[in-house]
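Asker:
Number of protein chains: 2
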Amino acid sequence: MQEITGLELSPKKVEYLKFLLKKGDLVKTTDISTELNVDPSTSTKTINDLSESGYVDHIPYRGVRLTEIGREFAEFFVNRHNILSLMLSHYGLSSDDACIEVSRFEAFVSKDAIDTICGAMGHPTVSVCGKIKHSSCNLH
Amino acid sequence: MQEITGLELSPKKVEYLKFLLKKGDLVKTTDISTELNVDPSTSTKTINDLSESGYVDHIPYRGVRLTEIGREFAEFFVNRHNILSLMLSHYGLSSDDACIEVSRFEAFVSKDAIDTICGAMGHPTVSVCGKIKHSSCNLH
DNA sequence: TAATAATTTGGAATATATGCAAATAATTTG
DNA sequence: CAAATTATTTGCATATATTCCAAATTATTA
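Taken in order, these protein sequences are the chains called L and S. Per this note's numbering, residue 1 is the first one in the first sequence, and the count goes up by one each step. Per this note's numbering, residue 141 is the first one in the second sequence, and the count goes up by one each step.
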């Protein structure tokens, strides 16, 4: 198990990990660049950063996959996104607006806060953006 | 009246404006550097940025004050902080934790979202961090 | 006015993110 | 299978945000 604070990665890198989790297995850096609307050279560079930090394995010219640690983080990131989106939807934001809004700030919300919020909500399993798992929720 | 999206300024610059509003009138760049724990040269530079963008007037060696536009923004920033803190406190975060958490991400929450949240809350006038005004709330 | 304190300027560094052009590797095709 | 094409990476180069240190400048105090 990893100690996750939730503040380890920049917003963009969080996006990368979430996308890698969604795609699963070996992902081309070009797929990432298409999805995130950046130049292929940019996604390669960012992936190299993530690789050096241990979140992904990168086989040059072949593809990228999450490490075990990377997967743990990615799962937390997806949950965080979903919990925050659900929270905002409780305050009148549409699913789309909640999702867009959360995407902008989610990287700056700590795991402790998410665990607390998740607990206060009664550990919901469905959000407006997708399903919520609780394997990483310390208060479950 | 200004069109405020809420996403105009970086986190640090938001802090600067909120501090200037709290201190009021002419504020020394050194006071800012003390409050925000940065070198005086850093606060001078940031203040110069804010000055070029029209948020503050800076009289070198004398002090800084908010422009009318800067004040509008600063008031929105304080309200945004308070509304978001109140929201998190509804999900089990202590006042302090809510405040700390919000400080990290508030700069990335849009005014539209804040107006919606504020409306869903019934336009509260008191938060865990301070009072809330509604002069700038479009849904009030 | 001279010494001291406050403030600003100039230079430099880090982190994050980006794209273009050239080089390299993989894949397709004839 | 070799040549052509496509995909991917590397090497610059740039931009923004933030920071600090040392030197220069201005204000204040003694």
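Idealized CB from N, CA, C, for every residue including glycine. Computed from a predicted structure; not experimentally measured.
(1) Classify residue 37(L) as buried or exposed, calling it buried when 16 or more other Cβ atoms lie within 10 Å of its own Cβ.
(2) Report the rounded CA-to-CA distance for residue 7(L) versus residue 243(S), giving the unit in angstroms.
(3) Starting from the C-beta of residue 160(S), find all residues in its chain whose C-beta is less than 6 Å away, skip the five residues before and the five after it, and write them out in chain order.
(4) Can you check DSSP and say which residues form a bridge with residue 59(L)?
(5) Looking at the secondary structure, which residues open and close the alpha helix (DSSP H) in which residue 36(L) lies?
(6) Relative to the C-alpha of residue 240(S), which candidate in 60(L), 68(L), 109(L) has its C-alpha closest?
(7) Give the range of the alpha helix (DSSP H) segment to which residue 151(S) is assigned.
(8) Mapping DSSP to helix, strand and coil, what is residue 271(S)?
(9) Taking all protein chains shown into account, decide if residue 192(S) is buried (16 or more other Cβ within 10 angstroms of its Cβ) or exposed.
(10) Whole angstroms is fine: what's the gap from residue 81(L)'s alpha carbon to residue 106(L)'s?
(11) Name the two residues that bound the continuous alpha helix (DSSP H) containing residue 124(L).
(12) Just the C-alpha distance for residue 114(L) and residue 76(L), rounded to the nearest angstrom, thanks.
Answerer: The relevant details are as follows:
(1) Counting Cβ neighbours within 10 Å, residue 37(L) comes out exposed, since fewer than 16 surround it.
(2) Residue 243(S) has its alpha-carbon roughly 13 Å from the corresponding atom of residue 7(L).
(3) For residue 160(S), where only same-chain residues beyond five positions count, the Cβ hits under 6 Å are 167, 206.
(4) In the DSSP assignment, residue 59(L) is bridged to 63(L).
(5) Element bounds for residue 36(L): 29 to 36.
(6) Of the listed residues, the one whose Cα sits closest to residue 240(S) is 109(L).
(7) Per DSSP, residue 151(S) belongs to the alpha helix (DSSP H) from 151 to 163.
(8) DSSP places residue 271(S) within a strand segment (E or B) once states are collapsed to three.
(9) Its Cβ having fewer than 16 others within 10 Å, residue 192(S) is exposed.
(10) Looking at the two C-alpha atoms, the distance is approximately 6 Å.
(11) No alpha helix (DSSP H) holds residue 124(L); DSSP gives it neither H nor E.
(12) Between the C-alpha atoms of residue 114(L) and residue 76(L) there is a straight-line separation of about 10 Å.
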